[in-house]
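Notes follow the structure.
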Amino acid sequence: MKSLFANVDTDALAKQSPPSPIDADKRRVGSAAVKSMDRAFVSIEDENRRLHDQLLSSESIIELDPDRVIGSFVNDRLDIEGDVSFQAFVEGIREAGQKLPILVRPLSGRPGHYQAAYGHRRLRACQILKRPVKAIVREMSDEELVVSQGIENSERLNLSFIEQALFALTLRERKYSREIISDALGRKEGKNLAYISMLTNTAALIPEELIRLIGPASSVGRPKWEKLGSLIKDRQLNRSQKEAVARLTASSSWHDVDSDKRFSLILETLDRSIKHAPEAVDVVLDNGVVIAAKRSETSTKITIPDNRLPGLSDWLLQRLPELLTEFQVQQRKDSGMS
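1 is the number of the first residue of the sequence shown in full-length UniProt numbering; add one for each residue after it.
Spelled out as structure tokens, the structure:
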């Protein structure tokens with residue numbers, strides 16, 4: 001034993017002291033901190049999983065940034081902010097908060113962004129107020145999304161006829177069945193399938209841009225929209241109708257009225273353009289004989305006084321094929337064709 005410890009410096013060894021209680025505590029605290037951090041990371045991962053599951057749960061209501069939510073790919077509202085009741089709706093949410101959540105689905109390829117199925121007015125109000133929007137997040141196909149809109153549509157009293165009609169027509173053009181369209185409009189009874197056909201047939205008479213120009217026109221029903229459609233051929237305004245509508249929409253009377261009045265103005269304008277007297281043109285010949293012509297949108301009627309110019313009518317009728325050929329040759333020359 002003596003030889004084993006013969007080279008040990010007992011004085012140096014005596015100077016060494018055991019770790020103080022403070023150092024020991026520090027080491028214990030350091031070890032505890034590491035363990036605490038490990039537990040924190042696990043907790044964060046658990047919270048992330050919980051939030052992810054919450055996002056995918058149709059039973060959970062969460063708050064989203066409203067600027068990260070876009071509208072449905074088939075909008076059933078023509079003019080949200082143009083509705084006279086919308087400002088009061090916004091003030092109601094400002095004062096009392098959002099009572100009912102909207103329904104959204106995650107946007108594929110855009111993490112943190114969503115698409116609304118219903119609740120577009122609530123979404124727009126929250127965007128204006130710059131406050132989070134309460135939402136239910138659910139994975140949905142396109143078909144499930146439009147059918148989900150029926151949840152709200154079935155309870156609405158203020159969705160106008162033409163909003164329903166244009167919505168139904170848009171879905172029909174996307175190849176959805178009448179049954180799906182009926183569900184999307186909240187009309188699940190089979191007997192209402194005929195109503196879907198009536199909606200789509202009416203909307204198909206009128207250019208979509210004209211409908212959106214007018215707006216929802218809440219007090220205007222099917223008969224008046226059908227009357228407007230009867231004034232339009234092949235869902236296209238002709239040249240004079242486009243000019244008349246352009247003059248109307250540029251006037252002060254257009255910007256100062258609501259959607260119902262705009263419908264009336266459009267109807268009057270197009271109706272007047274159909275009923276206005278044809279343009280009259282008189283051709284005075286050298287001998288003072290007058291040939292009268294009346295031109296409308298679709299035809300020109302020429303009146304020849306047979307008692308003053310006997311035989312001219314027969315001569316023109318006989319020469320019409322030759323004159324038509326001459327006219328077509330001249331047209332080709334004017335267009336640069338050989």
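Glycine included, every Cβ here is placed at the ideal spot set by N, Cα and C.
Remember, predicted model here, so these are calculated numbers, not experimental data.
Assign residue i to buried or exposed, taking buried as 16 or more other Cβ atoms, counted over all protein chains shown, within 10 Å of its Cβ.
i, result
"residue 200", "buried"
"residue 285", "exposed"
"residue 119", "buried"
"residue 135", "buried"
"residue 236", "exposed"
"residue 209", "exposed"
"residue 196", "buried"
"residue 225", "buried"
"residue 250", "exposed"
"residue 54", "Confidence at residue 54 is low in this model, with a pLDDT of 49, below 50, so its placement is unreliable and no value can be given for it."
"residue 66", "buried"
"residue 148", "buried"
"residue 104", "buried"
"residue 96", "exposed"
"residue 165", "buried"
"residue 58", "With a pLDDT of only 45 at residue 58, under 50, the local geometry of the prediction cannot be trusted, and the value read off the model is given with reservation. By the neighbour-count rule (16 or more Cβ atoms within 10 Å), residue 58 is not buried but exposed."
"residue 69", "buried"
"residue 167", "buried"
"residue 327", "exposed"
"residue 214", "buried"
"residue 302", "exposed"
"residue 259", "buried"
"residue 241", "buried"
"residue 283", "exposed"
"residue 125", "buried"
"residue 331", "exposed"
"residue 133", "buried"
"residue 121", "buried"
"residue 323", "exposed"
"residue 270", "buried"
"residue 172", "buried"
"residue 157", "With a pLDDT of only 49 at residue 157, under 50, the local geometry of the prediction cannot be trusted, and the value read off the model is given with reservation. So residue 157 ends up on the exposed side."
"residue 252", "exposed"
"residue 268", "exposed"
From the DSSP output, read off the bridge partner residues of residue i.
i, result
"residue 282", "292"
"residue 257", "Paired residue(s): none; residue 257 is not in a bridge."
"residue 62", "135"
"residue 69", "114"
"residue 236", "233"
Taking the continuous beta strand (DSSP E) assigned at residue i, which residues delimit it?
i, result
"residue 105", "102-106"
"residue 325", "Premise fails: residue 325 lies in the alpha helix (DSSP H), 312-334, not in any beta strand (DSSP E)."
"residue 298", "Premise fails: residue 298 is in no beta strand (DSSP E) and is neither H nor E."
Taking the alpha carbon of residue i as the point to measure from, which residue in the options has its own alpha carbon closest?
i, options, result
"residue 123", "94, 260, 142 and 261", "94"
"residue 87", "101, 129 and 105", "129"
"residue 142", "92, 75, 219 and 162", "75"
"residue 261", "216, 314 and 208", "216"
"residue 161", "319, 219, 61 and 236", "219"
"residue 193", "204, 202, 203 and 180", "180"
"residue 234", "264, 202 and 248", "202"
"residue 183", "163, 242 and 146", "146"
"residue 60", "256, 331 and 139", "139"
"residue 81", "321, 245 and 127", "127"
"residue 101", "117, 107 and 111", "117"
"residue 238", "302, 137 and 206", "206"
"residue 312", "289, 266 and 90", "289"
"residue 106", "89, 132, 64 and 90", "64"
"residue 280", "296, 247 and 174", "296"
"residue 112", "137, 98 and 90", "137"
"residue 307", "321, 291, 267 and 300", "291"
"residue 90", "108, 131, 310 and 71", "131"
"residue 77", "110, 318, 92 and 170", "170"
"residue 204", "293, 232 and 319", "232"
What are the start and end residues of the alpha helix (DSSP H) that includes residue i?
i, result
"residue 250", "Here residue 250 belongs to no alpha helix (DSSP H), and DSSP marks it neither H nor E."
"residue 92", "86-96"
Establish whether the CB of residue i and some CB of chain D are separated by less than 8 Å.
i, result
"residue 204", "Note that chain D does not occur in the displayed structure, where there is just one protein chain."
Beta strand (DSSP E) segments (min. 3 residues) lying fully within the segment 176-219 = Segments of the beta strand (DSSP E) lying fully in the segment 176-219: there are none.
ask   = What are the uninterrupted segments assigned as beta strand (DSSP E) that are 3 or more residues long and contained completely in the segment 118-167, given in chain order?
value = Every beta strand (DSSP E) stretch that sits fully inside the segment 118-167 and reaches 3 residues is listed by chain position as 133-137.
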